[in-house]
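Residue numbers (this note's numbering): 285 to 413.
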């Protein structure tokens with residue numbers, strides 16, 4: 285995933301408008317739009333500001349972005365982190381499966397809750413085994 289795709293994903297997952305994020309981050313709507321379209325690259329300061337607006341770390345903001353480090357639970361898509369935290373279901377899912385599941389999306393949308401993620405995991409596991 286490219287950085288601009290990740291920025292758009294974070295905003296969309298939270299049901300926010302460009303204007304909402306721009307106000308909290310104290311940046312202009314056109315600048316945020318350009319970031320989300322990949323027309324410009326943010327400075328480290330802007331990344332820190334956006335991470336703060338989303339109440340995550342810069343590391344979590346960059347999760348899944350090409351050429352950037354490993355996953356943390358805070359960077360997982362909504363619902364998948366709940367699945368990983370589940371004391372019964374979470375231990376069944378290996379780090380490889382977490383990476384695979386975290387990349388799943390269809391037409392820009394992802395499963396929303398723990399049950400949806402678990403069902404996808406079971407279906408994929410059945411198909412691949």
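Ideal Cβ positions, reconstructed from N, Cα and C, are used throughout, including at glycine.
Where the alpha helix (DSSP H) through residue 361 begins and ends = Along the chain shown, one-based indexing puts residue 361 at 77. Note, residue 361: premise wrong, no alpha helix (DSSP H); not H, not E.
Report the three-state DSSP secondary structure of residue 373 (helix, strand or coil).
-> To locate residue 373, count along the chain shown from 1; it is residue 89. In the structure shown, residue 373 sits in coil (DSSP, three-state: anything other than H, G, I, E or B).
The alpha helix (DSSP H) with residue 295 in it runs from where to where?
-> Residue mapping note: residue 295 aligns to position 11 of the chain shown, counting from 1. 287-297 is the span of the alpha helix (DSSP H), which, as asked, contains residue 295.
What is the DSSP secondary structure of residue 334, reduced to helix, strand or coil?
-> Here residue 334 corresponds to residue number 50 of the chain shown, with the count starting at 1. Looking at residue 334 - three-state DSSP - the assignment turns out to be helix.
Spatial neighbours of residue 404 in its chain, beta-carbon cut-off 8 Å, leaving aside the 5 residues before and after = Taking the first residue of the chain shown as position 1, residue 404 is located at position 120. Closer than 8 Å at the Cβ level, and outside the excluded window around residue 404, lie 385, 388 and 395.
Cβ separation of residue 295 and residue 308, assumed to be a contact under 8 Å, to the nearest whole Å = For the purposes of this step, residue 295 is identified with residue 11 of the chain shown, where counting begins at 1. For the purposes of this step, residue 308 is identified with residue 24 of the chain shown, where counting begins at 1. About 11 Å; that fails the 8 Å criterion.
For my contact list, residue 227 and residue 316 are in at a C-beta cut-off of 8 Å; report their separation, rounded to the angstrom.
-> The chain is shown from 285 up to 413; residue 227 falls before or after that span and cannot be answered.
Top-ranked residue by Cα proximity to residue 292, from 329, 328 and 335 | Sequence index remark: in the chain shown, residue 292 carries index 8 (1-based). Checking every option, the nearest Cα to that of residue 292 belongs to 335.
Supposed close pair residue 311, residue 324 - CB separation, criterion 8 Å | As a position in the chain shown, residue 311 is number 27, starting the count at 1. As a position in the chain shown, residue 324 is number 40, starting the count at 1. That belief does not hold up - the Cβ atoms of residue 311 and residue 324 are roughly 11 Å apart, past 8 Å.
Nonlocal neighbours in the same chain, by C-beta distance under 8 Å from residue 368, ignoring five residues either side | Within the chain shown, the letter at position 84 stands for residue 368. The residues are 357, 360, 374, 377 and 382.
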